[in-house]
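Peer 1:
Here it is in structure tokens:
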């Protein structure tokens, strides 16, 4: 899984709190039928506050 280097944009953890609740992004995995070796538990990662969107997309 660590070979997949693309991540989503930052998403609010709690949409009601928006930036105050923090943000995270998820690893983008392919939508094909392939065997994925799980070599890391890093499926999500926290975003910096400056990277959190002001609005809910």
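Numbering (the numbering used here), first residue to last: 1 to 57.
Note that beta-carbon positions come from the ideal geometry of N, C-alpha and C, so glycine has one too.
(1) Is residue 39 helix, strand or coil when you go by DSSP?
(2) Going by beta-carbon coordinates alone, are residue 8 and residue 28 separated by less than 8 Å?
(3) Should residue 37 be labelled buried (16 or more other beta-carbon atoms within 10 Å of its own) or exposed?
(4) Can you check DSSP and say which residues form a bridge with residue 44?
(5) Report the rounded CA-to-CA distance for residue 6 versus residue 25, giving the unit in angstroms.
Peer 2: Taking the geometry as given:
(1) coil
(2) yes
(3) exposed
(4) 26
(5) 10 Å
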